[in-house]
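Numbering (this note's numbering), first residue to last: 10 to 187.
Here's what the structure looks like:
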């Protein structure tokens, strides 16, 4: 796994051995960050189902200010921390070993410019995540929610910004009003 652009372009990242994770492909990451463009610069990011942090570190490489990430796997959390140290961005990239549902049920005063979620495909996570992010007001006005799934989301409380399909991967981009 390599970072595709920015300050860390070409740098390899560690990934946990033996897990059945599905990292976001370089083609999909490049497309996503091309769509987001200048919105990444200085952005505060929430990365749900972060794995080893590929999307977090790609965003930081392209100028994001900070990222909070979540994953339930101890091996993924360890790989994320190792990658943050390799890139020297520990102060800008934090990860919590936490269940996404539990996190989204908590009250928080923190808002993000970009929320990226890459849940297991075909498990019904997309509408749930969109609804909870909306209810908890986790996006700043004009902020973007990206849910990577196997199909377009049928429903969302947010304005649809874009839907892009890459093989069996669909990027659902939504925007908070404001």
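The C-beta atom is built at its ideal place from N, Cα and C for all residues, glycine as well.
Everything numeric in this text was worked out from a predicted model, so none of it was measured.
The alpha-carbon of residue 115 is positioned some 12 Å away from that of residue 107. Contact annotation: the region 52-66 touches the region 75-89, with at least three C-beta pairs closer than 8 Å. Annotation: residue 14 to residue 93 spans about 17 Å, alpha carbon to alpha carbon. The region 55-67 and the region 126-137 touch, with three or more beta-carbon pairs separated by less than 8 Å. Listed in chain order, the beta strand (DSSP E) runs fully inside the region 128-161 are 148-158, counting runs of at least 3 residues.
DSSP places residue 125 within a strand segment (E or B) once states are collapsed to three. Residue 138 sits away from residue 185, with the two beta carbons spaced by 9 Å or more. The Cβ neighbour count for residue 163, taken over all protein chains shown within 10 Å, is under 16; the residue is labelled exposed. By the beta-carbon neighbour count (other beta carbons within 10 angstroms, threshold 16), residue 135 is buried. Exclusion of the five residues before and after residue 105 leaves 79 as the residues of its chain whose Cβ lies within less than 6 Å of its Cβ.
Judged by DSSP secondary structure, residue 88 falls within the alpha helix (DSSP H) whose first and last residues are 83-96.
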